[in-house]
Amino acid sequence: MLLFRSEEDAAAWAGSTGNSRGESVPLMTVWELGRDWYRDRLDPDFRGLTRDRVRETFKRFGLTSDFWRVS
Amino acid sequence: MSDQSTTERDWMIRAEVYRYMIDHGRAPSPRKTGDIDGMPLEAVRETVRRLHCAHALFLEPGTDRIRMLNPFSAVPTAYRVEAGERSYFANCAWDMLAIPAMLGRDARIHARLGAEDTSVLIPVTDGEPRAAREFVVNFSVPFRHWYDDLIHT
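Pasting the structure below:
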């Protein structure tokens, strides 16, 4: 997961390197996503992420395309 | 995802390993992990392998050395986070944001842009990153393939 100044820069990078374009997510959304994803990682009772939790988290942040599908 | 083969002791050791990373800015060696919990080296190896299989940490391929304690990286990367008196490496552009978010600390994030040599500084103050609104994190790999090759992801 790489950082870019803009979605256009990410598209240009993918085009010039042959890497998959994937999806660009605004930095502030990723900040909130990270806060949610890792919210209990240091909790002694943490026992891993469940598929349901991942699915719900992506949905909460509007990451609902097939790219984010949890199989 | 969760794996039923881990034991309660494995998860307790995992918590200690995270604490070591936060306190020292680096992952403990297998020997150091054994020192923390008074475990023989072979027992440490078995524990970290089970935690690796449970995606609770990730080992350097073919070894028993910790490579990732998400969001921390145990090896140098293009994403460095200064938080308080400690400096940490993150695995990727998402994890560089997740470190101060998880720790609840202000920070200075030094991040490489794309695959260029150019780096930017993103301060995190009062619980928010101070970066241009147009900045994005690009996810190249669909979620269902993230764990096929986590280093590449």
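First to last, the sequence lines map onto chains A and B. Throughout the first sequence, residue numbering follows my numbering, covering 1 to 71 in sequence. Throughout the second sequence, residue numbering follows my numbering, covering 1001 to 1153 in sequence. We put the CB at the ideal spot given by N, CA and C, even for glycine.
| Asked | Found |
| --- | --- |
| Among residues of its own chain, excluding the 5 on either side of serine 1029/B, which ones have a beta-carbon nearer than 8 Å to its beta-carbon? | Arg1065 |
| I'd like to check one pair, arginine 1108/B with leucine 1121/B: are the Cβ atoms closer than 8 Å? | yes |
| Does DSSP classify valine 1048/B as helix, strand or coil? | helix |
| Nearest-angstrom Cα distance between alanine 14/A and proline 1040/B? | 47 Å |
| Quick check on DSSP: helix, strand or coil for histidine 1145/B? | helix |
| Per DSSP, what are the beta-bridge partners of alanine 1111/B in this structure? | Tyr1079/B and Val1120/B |
| Whose CA, out of Tyr1020/B, Thr1047/B and Ala1027/B, lies closest to the CA of tryptophan 1011/B? | Thr1047/B |
| Taking the CB atoms as reference points, tell me whether leucine 1059/B and arginine 1050/B lie closer together than 8 Å. | no |
| From this set, Tyr38/A, Arg5/A and Gly22/A, which residue's C-alpha is nearest proline 1100/B's C-alpha? | Tyr38/A |
| DSSP three-state call for phenylalanine 58/A: helix, strand or coil? | helix |
| Could you have a look at leucine 63/A and say whether DSSP puts it in helix, strand or coil? | coil |
| Going by the beta-carbon positions, is the gap between arginine 1112/B and alanine 1078/B smaller than 8 Å? | yes |
| Short of 8 Å in beta carbon distance, which residues of its chain neighbour aspartate 1095/B, apart from the five on each side in sequence? Order them along the chain. | Asn1070, Pro1071, Phe1072, Ser1073 and Tyr1079 |
| So is proline 1129/B buried or exposed if we call it buried at 16+ other beta carbons inside 10 Å? | buried |
| Once you ignore the five residues that flank phenylalanine 46/A on each side, which residues in its own chain have a CB closer than 6 Å to its CB? | Asp40 |
| To the nearest angstrom, how far is it from the Cα of serine 1002/B to the Cα of tryptophan 68/A? | Because the pLDDT of serine 1002/B is 46, which lies under 50, any placement of that residue in the model is unreliable, and the question is left without a value. |
| Mind checking whether valine 1081/B and aspartate 1106/B have CB atoms under 8 Å apart? | no |
| Tell me the start and end of each unbroken alpha helix (DSSP H) in the segment 1016-1077 of chain B that is at least 4 residues and wholly inside, in chain order. | 1030-1037 and 1041-1053 |
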